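Protein chains in written order, with this note's numbering: chain A, 4 to 136; chain R, 4 to 136.
Everything below concerns the one structure shown next.
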DNA sequence: CCGTATCCGTTTTGATACTG
DNA sequence: CAGTATCAAAACGGATACGG
């Protein structure tokens, strides 16, 4: 009946790991922009619209720790720091592509589903009474 | 340079949507178990290890609102409610498979990267001084 | 059995000010 | 420019008690 291989417990474990890495508010967004090429701190700050300086730092440190991003410091004045995706970081991003594509294709359906759900958000009793004697 | 198609802004937007739906602590885990077939509330509660009754309800409501899960109520005593993935829910889960696979393949590397990062978490000055001058 | 309502601690995030 | 430190606000999640 399941359409995907493997035991649910296994995939559940994997899901936890994946969410722990990129399931936060900003990581995937930053990775997404770094996939376009190396970027400096301030470039990312501008690109990722809405991120605070603090959160960009925190996010980049996390990605660096996980081996998804490298940080290169040039000791000049003013300082110049470049971030770039590691090969592993690029493969991670590639692995998210199906999910990104899925979103594009289904966004209208999701909006419709939400609107419908919210619309029938009345006091109507319950769903259905199928085959109960 | 970028390995993936499309403009970063577009993918960033998609990433926001996708994370808004399944980027929380439990949604993907629940979907994962429902992919094995329809489940009752209490079955899920047992299966998803660690989830509280409240969080299971909240999560299921969210998935239902997004059109990923259907809820069927049987008016018997005691009540009997079944949840199952919609076709859209199944395609979403399938779209996450590459990410799940990626996790399995790279988990050792990630652990190693973290260990290395934490190990050199000393007072050493900075990363590198590449081609400056 | 399947929820909802409420309370409350924890975690996450953002604003702001300051440093090399 | 590229951070760090500090603090307060907000979101999140769990425990508990109660209702249909």
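Each residue gets a CB set at the ideal place from its N, CA and C atoms; glycine is no exception.
Treat the numbers as computed from the prediction; the structure is a model and nothing was measured.
> For residue 37 of chain R, which three-state DSSP category applies?
Replying inline: In the structure shown, residue 37 of chain R sits in a helix (DSSP, three-state: H, G or I).
> With 16 as the cutoff for other CB atoms within 10 Å, does residue 24 of chain R come out buried or exposed?
Replying inline: Classification of residue 24 of chain R: buried, given that the 10 Å Cβ count is 16 or more.
> Would a C-beta distance cut-off of 8 Å place residue 98 of chain R and residue 29 of chain A closer than the cut-off?
Replying inline: Cβ atoms of residue 98 of chain R and residue 29 of chain A: not closer than 8 Å.
>> Assuming the contact rule is C-beta atoms closer than 8 Å, residue 76 of chain A and residue 89 of chain A should be a hit. Round their C-beta distance to whole Å, please.
In response: The C-beta distance from residue 76 of chain A to residue 89 of chain A rounds to 16 Å, too long to meet the 8 Å contact threshold.
> So, is the C-beta of residue 39 of chain A closer than 8 Å to a C-beta in chain R?
Replying inline: Chain R contact via Cβ: present.
>> What does the Cβ neighbour count give for residue 83 of chain A, buried or exposed, with the cut at 16 atoms within 10 Å?
In response: Result: exposed.
> According to DSSP, which residues form a beta bridge with residue 2 of chain R?
Replying inline: Outside the displayed span of chain R (4 to 136) sits residue 2 of chain R, for which this structure offers no information.
>> Taking CB distances under 8 Å as the criterion, tell me whether residue 103 of chain A reaches chain R.
In response: In terms of beta-carbon proximity, residue 103 of chain A lines the interface with chain R, with at least one pair separated by less than 8 Å.
>> Using beta carbons (cut-off 8 Å, strictly below), is residue 135 of chain R in contact with chain A?
In response: With a pLDDT of 39 at residue 135 of chain R, under the threshold of 50, the modelled position of this residue cannot be trusted; read the value that follows with caution. Judged by the 8 Å Cβ criterion, residue 135 of chain R is in contact with chain A.
> In terms of alpha-carbon separation, which member of A:13, A:9, A:123, A:115 lies closest to residue 70 of chain R?
Replying inline: Put simply, of A:13, A:9, A:123, A:115 the residue whose alpha carbon is nearest the alpha carbon of residue 70 of chain R is A:115.
>> With H, G and I counted as helix, E and B as strand and the rest as coil, what does DSSP make of residue 131 of chain A?
In response: Confidence is the limiting factor: at residue 131 of chain A the pLDDT is only 46, short of 50, which leaves the residue's position unreliable, though a coordinate-based value still follows. It is coil, neither helix nor strand.
>> Under 8 Å, CB to CB, which of the residues in the stretch 84-110 of chain R have a partner in chain A?
In response: Listed in sequence order: 91, 93, 94, 95, 96, 97, 98, 99, 100, 101, 102, 103, 104, 105, 106, 107, 109, 110.
> Going by alpha carbons, who is nearest to residue 15 of chain A out of R:107, R:21, R:91?
Replying inline: Distance check between residue 15 of chain A and each of R:107, R:21, R:91 places R:107 closest, using alpha-carbon atoms only.
> At a Cβ threshold of 8 Å, is residue 15 of chain A touching chain R?
Replying inline: Taking 8 Å as the threshold, the shortest C-beta distance from residue 15 of chain A to chain R falls below it.
>> Using 8 Å for Cβ pairs, my map puts residue 86 of chain A next to residue 31 of chain A. What's the rounded Cβ distance?
In response: The pair is not a contact, with the Cβ atoms about 15 Å apart (cut-off 8 Å).
> Just the Cα atoms here: how many angstroms apart are residue 21 of chain A and residue 78 of chain A?
Replying inline: Between residue 21 of chain A and residue 78 of chain A, the C-alpha separation is close to 34 Å.
> Got a sec: is the Cβ-Cβ distance from residue 54 of chain A to anything in chain R below 8 Å?
Replying inline: Taking 8 Å as the threshold, the shortest C-beta distance from residue 54 of chain A to chain R does not fall below it.
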